[in-house]
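Comments concern the structure below.
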Amino acid sequence: MRIVRNLAAFAAPGLALLLAGAAPADRVIPLPEADDEALIIPADSPVKFRGFDKYGVAHFSGKFVLTGSFTYGCWSSCADYNGPVTEGYLDVRIEADPELAARLPHWKLRKGPMLVLINREQRFARTVATREQHRSLLSGKLGSVQGRAAIIVDDFRTGIECDSENHSARFISLAKLPKIAKVDFDGDYGCG
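Counted from 1, the sequence shown has number 248 at position 171 by the working numbering; the numbering is strictly sequential.
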């Protein structure tokens with residue numbers, strides 16, 4: 078009996094360490110109207126799930142630093158259009174760095190690069206584009222301004238549209254100054 082107690086006393090700390098070392102599981106939320114599709118919220122996600130709206134868009138709370146390659150300009154909405162555009166055609170999108178994208182909520186079946194549309198983009202755009210570049214974007218002479226950025230965002234959202242995932246976040250401030258550089262976006266980003 079004494080051997081059993083000694084063995085149990087010896088094994089208990091090891092078992093406790095083993096259980097403590099187990100990583101928390103990702104949260105998986107199945108979508109009832111979509112076969113096999115689910116929203117996956119990583120256990121180490123910087124945002125907290127608030128719920129779905131009536132359009133099936135998932136809303137999250139929490140601020141985080143979004144890092145990645147950005148493009149500011151006329152995206153797919155005017156890709157085949159040559160000539161002047163209005164402010165409404167210009168936007169900022171950031172392809173999140175892979176390490177960060179792995180920690181953000183994403184979809185089970187749609188596995189493209191995580192391209193995040195930035196809301197309140199004009200505040201960010203003023204830091205990356207000169208007035209001349211902005212005029213050139215509006216006149217159609219310049220397609221986009223590109224580079225690397227680290228920005229603080231909140232109000233992260235994700236949904237499915239045109240059978241592709243879409244993500245957005247609201248710009249709060251710069252985490253550090255962006256670096257302007259040529260960036261190649263290669264991936265299926267859907268219809269957006």
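The C-beta atom is built at its ideal place from N, Cα and C for all residues, glycine as well.
None of the values given here were measured: they were computed from a predicted structure.
Determine, using beta carbons only, whether residue i and residue j come nearer to each other than 7 Å.
i	j	result
D103	A115	no
L108	I228	no
V193	H244	yes
T235	P182	yes
T226	Y149	Correcting the residue type first, residue 226 is Ala in the shown sequence and not Thr. Result no, Cβ atoms of A226 and Y149 do not sit closer than 7 Å.
A252	F233	no
L214	L177	no
Write down the C-beta distance between residue i and residue j rounded to the nearest angstrom, noting that I regard them as a contact closer than 8 Å.
i	j	result
G224	C151	17 Å between Cβ atoms; not a contact.
R180	S122	6 Å
V230	F141	7 Å
K188	I117	Not a contact, Cβ separation roughly 11 Å.
G133	I237	7 Å
Kindly indicate which three-state DSSP category residue i falls into: helix, strand or coil?
i	result
E242	strand
Y149	strand
V162	coil
T235	strand
A227	strand
Who does residue i pair with in a DSSP beta bridge?
i	result
E172	S146 and L192
R125	The sequence as given places Lys at residue 125; Arg does not occur at that position. In the DSSP output, where bridge partners are listed per residue, K125 has S138.
P107	A115
message: Can you confirm whether the stretch 191–202 touches the stretch 118–137 when touching is taken to mean that 3 or more C-beta pairs between the two stretches lie within less than 8 Å?
response: no
At least 3 beta-carbon pairs within less than 8 Å: the stretch 170–182 vs the stretch 203–222: Too few Cβ pairs lie closer than 8 Å, so no.
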